[in-house]
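Participant: Below: one structure in structure tokens.
2 protein chains.
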Amino acid sequence: MREALAEAAFQLFLERGFERTTVDDIVARAGVGRRSFFRYFPSKEDAVFPDHERCLADMTALLERGDDPDPVGAVCDAARLVMRMYAANPEFSVQRYGLTQEVPGLRTYELSVVRRYEGTLAGYLRRRWAKAPDGGLRADVVAAAVVAAHNNALRSWLRSGGEGDAEAAVDHALGLVRGVWGEPDGPGGGEPAAEHVGAAEREKAPFTLRGGDPDVDPEGDVIVMVASRKAPLWRVVQSVEAAMAAG
Amino acid sequence: MREALAEAAFQLFLERGFERTTVDDIVARAGVGRRSFFRYFPSKEDAVFPDHERCLADMTALLERGDDPDPVGAVCDAARLVMRMYAANPEFSVQRYGLTQEVPGLRTYELSVVRRYEGTLAGYLRRRWAKAPDGGLRADVVAAAVVAAHNNALRSWLRSGGEGDAEAAVDHALGLVRGVWGEPDGPGGGEPAAEHVGAAEREKAPFTLRGGDPDVDPEGDVIVMVASRKAPLWRVVQSVEAAMAAG
DNA sequence: TTGCAAGAGGGTACTGAGTACCATATCGTC
DNA sequence: GACGATATGGTACTCAGTACCCTCTTGCAA
Numbered sequence: 001m002r003e004a005l006a007e008a009a010f011q012l013f014l015e016r017g018f019e020r021t022t023v024d025d026i027v028a029r030a031g032v033g034r035r036s037f038f039r040y041f042p043s044k045e046d047a048v049f050p051d052h053e054r055c056l057a058d059m060t061a062l063l064e065r066g067d068d069p070d071p072v073g074a075v076c077d078a079a080r081l082v083m084r085m086y087a088a089n090p091e092f093s094v095q096r097y098g099l100t101q102e103v104p105g106l107r108t109y110e111l112s113v114v115r116r117y118e119g120t121l122a123g124y125l126r127r128r129w130a131k132a133p134d135g136g137l138r139a140d141v142v143a144a145a146v147v148a149a150h151n152n153a154l155r156s157w158l159r160s161g162g163e164g165d166a167e168a169a170v171d172h173a174l175g176l177v178r179g180v181w182g183e184p185d186g187p188g189g190g191e192p193a194a195e196h197v198g199a200a201e202r203e204k205a206p207f208t209l210r211g212g213d214p215d216v217d218p219e220g221d222v223i224v225m226v227a228s229r230k231a232p233l234w235r236v237v238q239s240v241e242a243a244m245a246a247g
Numbered sequence: 001m002r003e004a005l006a007e008a009a010f011q012l013f014l015e016r017g018f019e020r021t022t023v024d025d026i027v028a029r030a031g032v033g034r035r036s037f038f039r040y041f042p043s044k045e046d047a048v049f050p051d052h053e054r055c056l057a058d059m060t061a062l063l064e065r066g067d068d069p070d071p072v073g074a075v076c077d078a079a080r081l082v083m084r085m086y087a088a089n090p091e092f093s094v095q096r097y098g099l100t101q102e103v104p105g106l107r108t109y110e111l112s113v114v115r116r117y118e119g120t121l122a123g124y125l126r127r128r129w130a131k132a133p134d135g136g137l138r139a140d141v142v143a144a145a146v147v148a149a150h151n152n153a154l155r156s157w158l159r160s161g162g163e164g165d166a167e168a169a170v171d172h173a174l175g176l177v178r179g180v181w182g183e184p185d186g187p188g189g190g191e192p193a194a195e196h197v198g199a200a201e202r203e204k205a206p207f208t209l210r211g212g213d214p215d216v217d218p219e220g221d222v223i224v225m226v227a228s229r230k231a232p233l234w235r236v237v238q239s240v241e242a243a244m245a246a247g
């Protein structure tokens, strides 16, 4: 019955538009009483996004498992969950996207949904980074960045009419965030680096590469970066990634 | 008159709560006709945020000037504008924060306002990075990160009851974003770095520090970083900043 | 079988936000 | 004083959302 209502509502929204469709129209087409509509959907807007509650629960469950050593990676995986929900029904998702673009009320509603996802991700990160300095701040920033990257890829996929590989687009977008904020996988990667880092511009002399502490760096996986101070950090990151992929 | 309406509305919201206050109550206290309320505020929620339209216009104007060589810096300055608006009336801002925390409708409304700020910042960045690879994606991500950092600092300031230096808190929060995504100030900092970067873990031998191209690096300001591959990037950034501040 | 408790659906009436339309000042200008 | 423009008040309407009560079925117990 919930499904019948959602379908009747969506059809009418596509035919006459969201605002020109009253709840009475919907229940008339679905052949049920007006009261029943509000039993299944708290508001008219909810009928447009019938599957987000479930997806949000899935996301929470995924993060509850908490078996990912890298919190940023876990959060990216959680974001992929949302994309898969959209990709499961490309046609419906694209049509709905058109609706939300036209109707301000739906945009606001979708915004509040997105914010619940973001809040879930931020809450998870805040727990994982409870002891880190600026943990709460970083949690908020990373959650926002992940959501923004996800939505950027999702929107361009939706604008393309649902063509192409949505998953790959999201992976690429999340890669940008992950490259900057994520920790490379494997445990024990949380502590070091501070002692290995220094500004050498005052020495102006040849310098020897330290091998790294075996406790910390058993494989000798040390990265040496030489960068201009004027270079933007994100570009350094891209270059490092490229160098690692090529080597 | 607009001010009188906003004040009457806010008083009533504090006394009886937002939902228990009707528009008729507001216009009765303000001594004007009901019709006039909707002339000045499109919705009841707008009366709670009477100054955001103006702030949004200020932000747009600030970004239009476009005299900042670093786009991320410009966007951070724009975000500071919002904080200053809140800090201009600490008591009002704190009381309003209490209201928005209690009333779901106000939270979603505030969300839509925040999104307009974010959209303004993202639009600016998108124009600045129109030619860069993944410019649109990065614009969205950085705008979201800046807004999240700003809001994190703003919220903790509001929760503290408006005590302490709000500006400093926002500066610190934005510093985190700026350190990761921003370009160091001064022109000419956009191009290099790619050629200076390499992964040296396979050489396992002493290596000499290149002085850097004078065109690009006239002062010899070269930073050499040696980091474990397992170290999270943000921590490297913090260390670099610390090293530069100390040196 | 009857009695009954519970839950799903339906119907009616109400509140209140927001809109449309029209009436009425008030003010400056010719 | 006539007149157009702008600001305000008033009335009536639509429609989302809620409160309350009714009906019907289902299932269980005496």
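Residue numbers (UniProt numbering), protein chains in the order written: chain A, 1 to 247; chain B, 1 to 247.
Where a beta carbon is used, it is the ideal one built from N, C-alpha and C, also for glycine.
In this text the structure is predicted, and so the values were computed from the model without any measurement.
When the Cβ atoms of the segment 79–94 of chain B are set against those of the segment 147–161 of chain B, are three or more pairs found closer than 8 Å?
Facilitator: Result yes; three or more Cβ-Cβ pairs closer than 8 Å.
Participant: Whose Cβ in chain A lies nearer than 7 Å to the Cβ of leucine 121/B?
Facilitator: Simply none; closest approach about 11 Å.
Participant: Please list, in chain order, the chain A residues whose beta carbon lies closer than 8 Å to that of valine 147/B.
Facilitator: In chain order: Ala144.
Participant: Suppose you measure from the CA of aspartate 25/B to the CA of glycine 98/B; what does that come to, to the nearest Å?
Facilitator: So the alpha carbons of these two residues sit roughly 21 Å apart.
Participant: Is it buried or exposed for methionine 1/A, if we count other Cβ within 10 angstroms and need 16 for buried?
Facilitator: Result: exposed.
Participant: Keeping to the same chain, check which residues put their C-beta closer than 6 Å to that of alanine 87/B; ignore five residues upstream and five downstream.
Facilitator: These residues qualify, in order along the chain: Ala166.
Participant: The alpha helix (DSSP H) that contains glutamate 64/A, what's its start and end?
Facilitator: From DSSP, the alpha helix (DSSP H) with glutamate 64/A extends over 52–65.
Participant: Counting Cβ pairs, one atom from each stretch, are 3 or more of them under 8 Å apart for the segment 135–146 of chain B and the segment 41–61 of chain B?
Facilitator: Flag = no, the segment 135–146 of chain B and the segment 41–61 of chain B do not touch.
Participant: How far does the alpha helix (DSSP H) with asparagine 151/A in it reach, from first residue to last?
Facilitator: Unbroken alpha helix (DSSP H) run through asparagine 151/A: 135–159.
Participant: Along chain B, which residues have their Cβ under 7 Å away from the Cβ of valine 141/A?
Facilitator: The answer, in chain order, is Ala145, Ala148, Ala149, Leu176 and Val177.
Participant: By the three-class DSSP mapping on this structure, what secondary structure does alanine 132/A have?
Facilitator: Here alanine 132/A sits in coil by DSSP.
Participant: Apart from the five residues just before and just after methionine 83/B, which ones in its own chain have a Cβ nearer than 7 Å to its Cβ?
Facilitator: Cβ within range, chain order: His150, Leu154, Ala166, Glu167 and Val170.
Participant: Tell me whether the beta-carbon of valine 72/A lies closer than 8 Å to the beta-carbon of arginine 178/A.
Facilitator: In this structure, arginine 178/A lies closer than 8 Å to valine 72/A by Cβ.
Participant: At a Cβ threshold of 8 Å, is aspartate 68/B touching chain A?
Facilitator: So, not an interface residue.
Participant: Find the nearest neighbour of arginine 39/B within the set Val75/B, Arg116/B, Gln11/B and Leu5/B, judged by alpha-carbon distance.
Facilitator: Checked all of Val75/B, Arg116/B, Gln11/B and Leu5/B; the closest Cα to arginine 39/B is Leu5/B.
Participant: Looking at the C-beta of asparagine 89/A, does it have a partner C-beta in chain B at a distance below 8 Å?
Facilitator: No, its Cβ sits nowhere closer than 8 Å to a Cβ of chain B.
Participant: Assign lysine 44/A to one of three DSSP states: helix, strand, or coil.
Facilitator: In this structure, lysine 44/A counts as coil in the three-state DSSP scheme.
Participant: Please say whether alanine 79/A and valine 146/A have beta carbons closer to each other than 8 Å?
Facilitator: Yes, the pair counts as a contact, with Cβ atoms nearer than the cut-off.
Participant: Whose Cβ in chain A lies nearer than 9 Å to the Cβ of serine 112/B?
Facilitator: The contacting residues are Pro104, Arg107, Thr108, Leu111 and Ser112.
Participant: Taking 8 Å as the limit between beta carbons, can you name the residues of its chain near arginine 65/B, skipping five residues before and five after?
Facilitator: Around arginine 65/B: no qualifying Cβ.
Participant: Kindly list the residues whose CB is nearer than 6 Å to the CB of alanine 47/A, restricted to its own chain and excluding five residues on each side of it in sequence; keep chain order.
Facilitator: If we look at alanine 47/A and ignore the five residues flanking it on each side, its Cβ neighbours are Ala6, Ala9 and Phe41.
Participant: Under 8 Å, Cβ to Cβ, is there at least one residue of chain B near arginine 127/A?
Facilitator: Not closer than 8 Å to any Cβ of chain B, the Cβ of arginine 127/A fails to qualify, so no.
Participant: Thinking alanine 74/A and alanine 148/B are a contact (beta carbons under 8 Å), I'd like their distance in whole angstroms, please.
Facilitator: No, alanine 74/A and alanine 148/B are not in contact; Cβ-Cβ is about 18 Å, not under 8 Å.
Participant: Of all Cβ atoms in chain A, is any one closer than 8 Å to the Cβ of aspartate 134/B?
Facilitator: For aspartate 134/B, the answer is yes, since a Cβ of chain A falls inside 8 Å of its Cβ.
Participant: Report the CB separation of residue 253/B from tyrosine 124/B in whole angstroms; it is logged as a contact under 8 Å.
Facilitator: Since the displayed chain B opens at 1 and closes at 247, residue 253/B lies outside it and no answer follows.
Participant: What are the start and end residues of the alpha helix (DSSP H) that includes glutamate 21/B?
Facilitator: It should be noted that the sequence gives threonine, not glutamate, for residue 21/B. Neither: threonine 21/B is in no alpha helix (DSSP H) and is coded neither H nor E.
Participant: At the level of alpha carbons, what is the spacing between glutamate 110/B and aspartate 134/B?
Facilitator: Cα to Cα, glutamate 110/B sits roughly 29 Å from aspartate 134/B.
Participant: Using a C-beta to C-beta distance shorter than 8 Å, which residues of chain A count as neighbours of arginine 115/B?
Facilitator: By Cβ distance, chain A contributes Leu111.
Participant: What is the rounded straight-line gap between the Cα of arginine 116/A and the Cα of leucine 56/A?
Facilitator: If I take the Cα positions, the gap works out to 8 Å.
Participant: Which residues in the same chain as arginine 29/A place their Cβ atom closer than 6 Å to its Cβ, once the five residues preceding and following it in sequence are excluded?
Facilitator: These residues qualify, in order along the chain: Ala8.
Participant: Can you confirm whether alanine 173/A, when its beta carbon is compared against all beta carbons of chain B, has any partner nearer than 8 Å?
Facilitator: Closer than 8 Å: yes.
Participant: For aspartate 70/A, count neighbouring Cβ atoms within 10 angstroms of its own Cβ and tell me buried if that reaches 16, exposed if not.
Facilitator: Label assigned to aspartate 70/A: buried.
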